[in-house]
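Line order of the protein sequences matches chains Y and H. In this text, residue positions in the first sequence follow our numbering: the first is 26, and each later residue adds one. In this text, residue positions in the second sequence follow our numbering: the first is 26, and each later residue adds one. All C-beta atoms, glycine included, are put in the ideal place defined by N, C-alpha and C. Take a look at the structure set out below.
2 protein chains.
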Amino acid sequence: MSRWISRLTLVWAVTTLSTAAACAQQPLRVTSPDGRTVVTVRTTDGGLFYSVDRDGEKLMTPSRLGFEFRGAPPLLDGLRITGSQRDSADETWTQPWGEVAKVRDHHNELSVDVEETGAPRRHFQVVFRVFDDGLGFRYVLPAQPALQAFEIQEELTEFSFADNAKAWWIPSNRPRMDRSEMLFSESPLSVLDSVQTPLTMETRDEHTFMVIHEADLVDYPRMFLAGGPGTESRTLRAALAPMHDGVKARERTPFSTPWRTIQIADRAEDLAPSVLGLNLNPPNVLGDADWIKPMKYVGIWWGMHIGVWTWSSGPKHGATTANTKRYIDFAAANGFGGVLVEGWNQGWNGDWIANRNQFSFTKPYPDYDLRGLARYAREKGVMLIAHNETSGGLQNYERQMNAAFSLYDSLGIHAIKTGYVTDTLANGDSHYSQTMVRHQRLVLETAAKYHIMVDEHEPVHDTGERRTYPNMMTREGARGQEYNAWSGDGGNPPEHETILFFTRMLDGPMDFTPGIFDILERSANGKPRAPDEPRVRTTLAKQLALYVVLYSPMQMAADLIENYQGQPAFQFIKDVPVNWERTKVLEGRIGDYVVVARQDRDSPDWYIGAITDEDARTFQIPLDFLTPGQKYVAEIYADGKDADWLTNPLPVDISRRDVDATTTLTLRLAPGGGQAIRIRAAG
Amino acid sequence: MSRWISRLTLVWAVTTLSTAAACAQQPLRVTSPDGRTVVTVRTTDGGLFYSVDRDGEKLMTPSRLGFEFRGAPPLLDGLRITGSQRDSADETWTQPWGEVAKVRDHHNELSVDVEETGAPRRHFQVVFRVFDDGLGFRYVLPAQPALQAFEIQEELTEFSFADNAKAWWIPSNRPRMDRSEMLFSESPLSVLDSVQTPLTMETRDEHTFMVIHEADLVDYPRMFLAGGPGTESRTLRAALAPMHDGVKARERTPFSTPWRTIQIADRAEDLAPSVLGLNLNPPNVLGDADWIKPMKYVGIWWGMHIGVWTWSSGPKHGATTANTKRYIDFAAANGFGGVLVEGWNQGWNGDWIANRNQFSFTKPYPDYDLRGLARYAREKGVMLIAHNETSGGLQNYERQMNAAFSLYDSLGIHAIKTGYVTDTLANGDSHYSQTMVRHQRLVLETAAKYHIMVDEHEPVHDTGERRTYPNMMTREGARGQEYNAWSGDGGNPPEHETILFFTRMLDGPMDFTPGIFDILERSANGKPRAPDEPRVRTTLAKQLALYVVLYSPMQMAADLIENYQGQPAFQFIKDVPVNWERTKVLEGRIGDYVVVARQDRDSPDWYIGAITDEDARTFQIPLDFLTPGQKYVAEIYADGKDADWLTNPLPVDISRRDVDATTTLTLRLAPGGGQAIRIRAAG
């Protein structure tokens, strides 16, 4: 029995009474273009609340809006709505690259003017945009005498749900774990403690899917979500990543927060491609930037993770001139656009995580001929990708950034992979604080000046920046392949990528680094790895399927290049594009399976990627998305006979068959398996 | 106890002893009777470790054993094995009541003698018992000069798993939430923070199920499990519930800890009935106690939860003489053994949670004629069940206990329902500390003296006490039906009971209080409850099935008795037994569904309970467990046409058909539905 019984009853009574009494302020409503989603904004007892209905049923119950400041009274009570404006839009814009070419921005907007009834009579707006696929809202604080420079202690935004939906989550704010590289859990939202976004939820009753996230995060901390108190609440609250002194944001009016977004879908399959956040970011400021080129790449990388090479110099140094030439030759011979080299620059020797300021971003190790290799790569039509690990030493990086990017530009190196391996910045600010958000935006803007594309590891999460800066290519920000090399928990379980697709991948591209073929990779003792050792927990066919399932405009073939020699399955990696015209999720259940079809941006060809968790599954896939009348050849990479992620991961059956829009393919996936299909237009 | 030692065991023992004495530390092994499970104990660098293999594969990797004391050096390093003893047993004993009549205790035992190599040269044993269905181990600290009175700061027991198995868990040790009434989450064990036991896990590779728990908890704190640090470890550590000063246990040698248990099964269906913990508790000390009688009961209870009545006196007081007579009459007329009355005793008025010492356990409110009602009940062949809410005021209860129990005994009241609604005891000790464990054992022993059965709410979890004290009938200790009346998260989701069966129910009986028929119960405003309000989230047929699925020897028909009037489905509640000869789990998937068959202890009849989560399901159930040649009539209570837990929960189709051991029944369960079947021997 709970102690809260009588208090709960009291709360209901009070809510009922005050709702009945507070008729002074008429609620404002704004509806999605299809009429299904209705957002209602109202004040109740001087508090400002929004709620959301879907198809006439409550989806979100009244959820409070407001701020708590340091050194100023909160903006929370004694509020009244003084006016409102409406707007709408219906336009379609084109992504320079992406998982879809065309994006429709069709929404209705309501701006609500709010003012304190008493001193200091501060005023602000909350702007709501309601789309068919969800909604976003942001606070806008205009310049005003009573609100100039200010410090945000808490953003008091609430997300209160009618249903105790099931959520797939990773924790935030656990001690010494300010990171996103974790496995997912599944809980009723009422027991969530502190979690990261995107937070994907499925209601228990109406089978509605919802995703809370944010968009257009520019100069503000990242948002987490906090549940409770207790384990019986359906309200999550915004929880901003703090600076070392506990202040969340230092701002000056006029100021707007990022958009708080709630994506809504009837089916899991409708969650992707997710464009709500892109629509809430400002358009491209770089114009037709022909230096931005999605690409596949190989690199000197996995060898360090499995202990064959080191980042630091010495006898096992991976980033040598000779080794890099091998990779450039391989890339050129197999149509890869880039070669990533990690450990090329000075600063890796010693404790590079503790000594965050020791990295040089211009000085190579003596055994790495930066200029010669850059020239060699250019001559072969390949681009070097410069690795810039900062270990969180932001100032050290910012000091060198212009010189480094200028050097890279001069050498034809137009892509960097940045890294921020640290839980906390040197001054104690959170990895996800306003400080880091500002820094990563500065890197992006500076890189654009030098025509450099950015692949960001240990990033702040993606909030749609790529719309405005299309050189923001891809990020890590989740548990990638590398955990299969060394993780203390044995590697990513077979279900991992089937959850990633419906959670992390909804915020943007991920540099997951698929394509490990040496799945039964040797241990330190030379034997195949034991089941409890870290290892790849997929079949080889599933590694291929990940190229289609997990979108990235920079997609790595992550294994040592010698492991691709003599492998017929490597052909799929050579063929698969990284830029798509259309994306269709054909089947999907969070944590269980995904089947996705994507059409190449540059040809009429389609590709299918199908993955499953530890259970074998069979799918019937009608190819009705193909062009009617057109003939195609399907090149099928399926799990071979008796394939099994644990005991027999390597067999891949490669076959071809003629197909057209009337064909239905049967896809059989092994336990922990997958299937990759190229559907090539014939004739 | 009939105990035998095999010749082979003797040979092992001799060999082991001489080996241990002769050379460096050879590992010791003990195997389950079926040879599938092997426990290995060894020292490595002075640390003591155990590991577990199953079918020749690692199940648990080396896991450390030891203690940290306050005011004494830890017992952790510099250890060596000095000897060992072996034993085995194969006996079958009978439960006086339970989910099965016969329990086989078949195990091999290894006692390992361990000593510090340096001063203070303390010595102890770790005793392992390995069964076919899992293992248990306990520390035994003999009396010795260097270890007399001592304070345990931490028990350093580890549970390290080869596989990053999926775990179903509820949190522990969250601030202000020291309770067990929570919804379950699902995570890879590597990301677990602090969780409660029983902790049920499913491996990702071999489909092995494991449950960590404890047995024979007498004078020691309850064990939680702590993961990490970080989110990449497959090791859980024992975390004992603390007293206010941080000390976990105050003990004196000779002393034994509770058993730490790891139940192992190949299939979810094999997890129940779970008897490992019972086998690790001492046998019945009460003998043939004919005053212990499993029973069904009704009570003055749900009315308080839905706000119709109050516990406290006043105009809505539930525990009135007239009301109680109504319940006694109903119980007598319908074959119920007991009537629970809450709010009968003085102390409920005012803040009874804060004022823990205001309860009287002997003085009734003036409008409750305790003696007259007890007599009235006796005359009708019904027993009053006395409610004893303590709100954690242990001393107040202990002071009155003998007087109260003596009074109850004199009135023929031989059952109590205790309650401990509080997160922390008055002195700051945890609800689950050694203090509470001692108290609850004292209540149990004292109750036995007065021939009183105990139903404990807000209990320390069940560790098999009912074997030793069969008057320990049932407990709460999980989210029960009451949350559907008032929980802030809207009530138990449809999957809840399908998880309970494979988690909480593995430790022992639960007083879940099924049988709410008024599923569309009215809100305060008189309208049917809205989907986001707290409500029962099952069909009515599922409420019936819970009587079979969720075992309790005291099983309530929880609704207001008027809600059973004119309900044909009530017949099943009247028929269903609370004491079983056999239990067979026919189908089960954690969080999805359970189908269980149980045979009545007192007749040849069988009963089937089937429940599902929010998905509709169909099962084909061969009745091959029935006696061949015997004719039966199946009385089937199925979800009616278009039944659905959310929109249409009430329709129940009641039908009969002749069946025998060759019949296969098709069970169709609605979303959130269930099915209850009585299979009555015919002729």
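Residues near residue i in its chain [Cβ-Cβ closer than 8 Å; skip 5 each side]
{"i": "Thr260 (chain H)", "result": "Ser88, Glu183, Phe184, Ser185, Phe186, Gly252"}
{"i": "Thr643 (chain H)", "result": "Thr691, Leu692, Arg693, Leu694"}
{"i": "Phe153 (chain H)", "result": "Val55, Val64, Val66, Tyr75, Glu134, Leu135, Ser136, Val137, Leu160, Gly161, Phe162"}
{"i": "Phe597 (chain Y)", "result": "Leu569, Tyr572, Glu660, Tyr662, Ala701, Arg703"}
Between the CA atoms of residue j and residue i - distance to the nearest angstrom
{"i": "Thr222 (chain Y)", "j": "Gln459 (chain H)", "result": "40 Å"}
{"i": "Asp588 (chain Y)", "j": "Ser577 (chain Y)", "result": "The question names Asp, but residue 588 (chain Y) is Asn in the sequence shown. Using only the alpha carbons, I get a separation of about 22 Å."}
{"i": "Pro391 (chain Y)", "j": "Asn452 (chain Y)", "result": "33 Å"}
{"i": "Phe430 (chain H)", "j": "Ala473 (chain H)", "result": "10 Å"}
{"i": "Arg351 (chain H)", "j": "Glu239 (chain Y)", "result": "58 Å"}
{"i": "Gly623 (chain H)", "j": "Val125 (chain H)", "result": "First, the residue type needs correcting, since residue 623 (chain H) is Arg and not Gly in the sequence shown. Their backbone Cα atoms lie some 8 Å apart in a straight line."}
{"i": "Leu709 (chain H)", "j": "Leu84 (chain Y)", "result": "A query on residue 709 (chain H) cannot be resolved here, the shown segment of chain H reaching from 26 to 708 and no further."}
{"i": "Met26 (chain H)", "j": "Asp230 (chain Y)", "result": "Reliability fails at Met26 (chain H), whose pLDDT of 31 lies under 50, so the model's placement of it is uncertain and no value is given."}
{"i": "Pro696 (chain H)", "j": "Ile615 (chain H)", "result": "16 Å"}
{"i": "Ala707 (chain H)", "j": "Gln655 (chain H)", "result": "8 Å"}
{"i": "Ser385 (chain Y)", "j": "Ile378 (chain Y)", "result": "14 Å"}
{"i": "Ala46 (chain H)", "j": "Glu140 (chain H)", "result": "Any answer about Ala46 (chain H) is weak, because its pLDDT of 42 lies below 50 and its placement is not dependable; what the coordinates show is given next. Distance between the alpha carbons of Ala46 (chain H) and Glu140 (chain H) is about 13 Å."}
{"i": "Glu93 (chain Y)", "j": "Gln178 (chain Y)", "result": "5 Å"}
{"i": "Ile438 (chain H)", "j": "His521 (chain Y)", "result": "56 Å"}
{"i": "Asn421 (chain Y)", "j": "Glu470 (chain Y)", "result": "17 Å"}
{"i": "Trp617 (chain Y)", "j": "Asp630 (chain Y)", "result": "Correcting the residue type first, residue 617 (chain Y) is Asp in the shown sequence and not Trp. Between Asp617 (chain Y) and Asp630 (chain Y), the C-alpha separation is close to 27 Å."}
Any chain H beta carbon closer than 8 Å to residue i
{"i": "Val220 (chain Y)", "result": "no"}
{"i": "Asp158 (chain Y)", "result": "no"}
{"i": "Ala46 (chain Y)", "result": "Only weak support exists for where Ala46 (chain Y) lies, its pLDDT of 38 falling under 50; the coordinates are left without a value."}
{"i": "Glu639 (chain Y)", "result": "yes"}
{"i": "Thr523 (chain Y)", "result": "no"}
{"i": "Asp230 (chain Y)", "result": "yes"}
{"i": "Lys599 (chain Y)", "result": "no"}
Nonlocal neighbours in the same chain, by C-beta distance under 7 Å from residue i, ignoring five residues either side
{"i": "Gln645 (chain Y)", "result": "Thr689, Thr691"}
{"i": "Glu116 (chain Y)", "result": "Asp130"}
{"i": "Gly516 (chain Y)", "result": "Tyr508, Asn509, Pro559, Arg560, Val561, Arg562"}
{"i": "Pro647 (chain H)", "result": "Thr689"}
{"i": "Gln592 (chain Y)", "result": "Phe542"}
{"i": "Gly713 (chain H)", "result": "Chain H is shown from 26 up to 708; residue 713 (chain H) falls before or after that span and cannot be answered."}
{"i": "Leu511 (chain H)", "result": "For the sequence presented, residue 511 (chain H) should be read as Trp rather than Leu. Answer for Trp511 (chain H): His330, Pro559, listed in chain order."}
Integer Cβ distance of residue i from residue j, believed to fall under 8 Å
{"i": "Thr346 (chain Y)", "j": "Tyr393 (chain Y)", "result": "6 Å"}
{"i": "Asp434 (chain Y)", "j": "His482 (chain Y)", "result": "About 21 Å; that fails the 8 Å criterion."}
{"i": "Asn374 (chain H)", "j": "Ser416 (chain H)", "result": "Wrong, their Cβ atoms sit about 13 Å apart, outside the cutoff."}
{"i": "Thr387 (chain Y)", "j": "Ala428 (chain Y)", "result": "6 Å"}
{"i": "Asp158 (chain Y)", "j": "Ser258 (chain H)", "result": "With a Cβ gap of about 39 Å, Asp158 (chain Y) and Ser258 (chain H) do not count as contacting."}
{"i": "Val684 (chain H)", "j": "Ala659 (chain H)", "result": "5 Å"}
{"i": "Pro653 (chain H)", "j": "Asp627 (chain H)", "result": "That pair is no contact at about 22 Å."}
{"i": "Glu294 (chain Y)", "j": "Glu612 (chain Y)", "result": "7 Å"}
Residue i at chain Y interface by Cβ criterion, 8 Å
{"i": "Ser43 (chain H)", "result": "Confidence is the limiting factor: at Ser43 (chain H) the pLDDT is only 39, short of 50, which leaves the residue's position unreliable, though a coordinate-based value still follows. No, its Cβ sits nowhere closer than 8 Å to a Cβ of chain Y."}
{"i": "Ala187 (chain H)", "result": "yes"}
{"i": "Asp557 (chain H)", "result": "yes"}
{"i": "Asp241 (chain H)", "result": "no"}
Own chain partners of residue i with C-beta closer than 6 Å, once the 5 adjacent residues on each side are dropped
{"i": "Phe280 (chain Y)", "result": "Leu166"}
Secondary structure, beta strand (DSSP E): runs of 3+ residues fully inside the stretch 330 to 393 of chain Y: 363 to 366
Segments assigned beta strand (DSSP E), at least 3 residues, entirely inside the stretch 553 to 629 of chain Y: Counting only runs of 3 or more residues that sit fully inside the stretch 553 to 629 of chain Y, the beta strand (DSSP E) segments are 579 to 581, 605 to 614, 618 to 625, in chain order.
Minimum length 3: unbroken beta strand (DSSP E) runs contained in the stretch 484 to 510 of chain H: 497 to 500
Contained beta strand (DSSP E) runs [length at least 3] in the stretch 181 to 206 of chain H, N- to C-terminal order: 183 to 185, 191 to 194
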